[in-house]
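Working notes, beginning with the structure itself.
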Amino acid sequence: GSEAVAALGRAIGAEKDAGIRYMTAALLRDLGTRQAEDAPAAAAAIAKTHAAETDAYARRSMELSLADLAAARPATAVIAAAAIAGGLEKPSDTLTRCLQAGQLTVLAQAAPETAAAIIGGVTAAFAAEKDKLAAHHLSRTLCAIADNAELRPQVIATLSAALCAPPSQAQPLEKTFAAAHALHQIAQTAPQEVTQALAGALSTPAQGDNARRLCILGLGAFAAADKNCAQTAATALLAALGGEADALHRRHIVDGVMKAVYNGFSGDLAGRTLYAHLTGQERDRETREKITRVLRSLGHKTPAVPMSAPAPKA
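Residue numbering for the sequence shown follows our numbering, starting at 49 and increasing by one per position.
Encoded structure:
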């Protein structure tokens with residue numbers, strides 16, 4: 049078996065025909081699957097050929113062989129994942145990128161040690177992705193990588209950048225929502241890290257409407273879900289209240305602050321800040337009524353309503 053793997057490894061490197069190259073890769077996969085000691089050499093030979101492969105069909109076939117070999121022999125998972133992540137850099141169609149992302153997600157979940165080998169390729173591919181479907185699949189791969197605590201900050205930064213990028217042909221709106229969904233998924237494991245990221249994003253000037261809304265709603269959700277996030281979320285929301293131009297967003301901010309209050313944030317501080325905003329600059333009627341109701345629920349004073357003096361009868 050070892051001699052066969054070595055012979056095929058030499059042959060695949062010298063082969064000029066793309067079809068024979070990917071069929072040889074399949075033979076290497078079968079040999080590596082059959083004998084555990086032959087698997088690393090077989091995977092290495094396929095990966096080396098894959099890196100230089102110019103034929104898209106052959107490259108895809110080799111990636112499938114690597115994925116099958118990694119499933120049978122987990123010791124080869126890092127080699128397979130690194131090769132497939134490298135394939136993200138090559139020109140391809142949307143379906144191929146979706147399939148590559150799916151393979152990488154499976155590998156990262158099955159073998160967490162692969163995360164460090166693929167994070168560079170996946171983050172670069174997600175940042176450059178223009179297709180909404182491929183962006184969604186890559187965001188799922190980023191979620192799998194984020195299970196590694198050391199790599200999580202880089203993943204969160206990549207997703208936050210996509211969340212805050214203004215929609216365009218190169219940045220479809222669906223990619224923005226894919227990033228937001230991925231951040232919520234990561235927050236199930238690391239809520240405080242995601243809350244900090246959203247708080248920083250909300251404080252960044254010149255954010256678009258979608259980004260601000262998603263940040264505000266996300267902070268409200270995390271304030272309600274985790275006591276340790278309530279302080280950070282409420283502080284960020286109250287700081288953003290005065291500069292928020294959209295009345296609906298301001299009402300979302302008030303809702304988020306109250307969720308934080310119910311989860312331990314200071315009701316007195318929230319009341320004082322909301323009262324100052326109400327009496328100082330709020331002009332939207334619906335928002336004024338909402339803040340007034342909130343102040344009453346907090347036991348805080350509300351602005352005095354001037355009494356109307358009846359006009360004397362003629």
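We treat Cβ as the ideally placed atom computed from N, Cα and C, and that holds for glycine.
Being a predicted model, the structure only gives us computed values, none of them experimental.
Residue i - DSSP class collapsed to helix/strand/coil
| i | result |
| --- | --- |
| A293 | coil |
| D316 | helix |
| T280 | helix |
| G347 | coil |
| D257 | helix |
| K223 | helix |
| T237 | coil |
| R333 | helix |
| E198 | coil |
| Q217 | coil |
| K275 | helix |
| T252 | coil |
| K64 | coil |
| T365 | Because residue 365 is not part of the residues shown, which for the chain are 49 to 362, the question remains open. |
| D103 | coil |
| A59 | helix |
Residue burial classification, residue i (beta-carbon count within 10 angstroms, cutoff 16)
| i | result |
| --- | --- |
| D141 | exposed |
| I167 | buried |
| Y105 | exposed |
| K307 | buried |
| T224 | buried |
| Q217 | exposed |
| R260 | buried |
| N276 | exposed |
| K338 | buried |
| E85 | exposed |
| Q236 | exposed |
| E198 | exposed |
| T327 | exposed |
| R58 | exposed |
| A149 | buried |
| R344 | exposed |
Contacts around residue i, its chain only, beta-carbon distance under 6 angstroms, and the 5 residues preceding and following it disregarded
| i | result |
| --- | --- |
| A95 | I127, A131 |
| A249 | S208, C212, C263 |
| D274 | P239 |
| G312 | K275, A278 |
Own chain partners of residue i with C-beta closer than 8 angstroms, once the 5 adjacent residues on each side are dropped
| i | result |
| --- | --- |
| A156 | A129, T162, A163, I166, T189, A192, I193, D195 |
| R298 | L289, E292, E330, D332, T335 |
| E177 | R145, A183, L186, K223 |
| Y310 | A272 |
Same chain only: Cβ atoms within 7 angstroms of residue i, ignoring 5 sequence neighbours per side
| i | result |
| --- | --- |
| M110 | Y70, A73, I94, T97, H98, E101 |
| A91 | G80, L114, L117, T124, I127, A128 |
| G134 | A99, G169 |
| K64 | none |
8 angstroms Cβ cutoff, residue i in contact with chain C
| i | result |
| --- | --- |
| A295 | Considering every chain present, this structure includes no chain C. It has just one protein chain. |
Whole beta strand (DSSP E) elements within the segment 122-186, 3-residue minimum: none
Inside the segment 68-100 only - alpha helix (DSSP H) runs reaching at least 4 residues: 87-100
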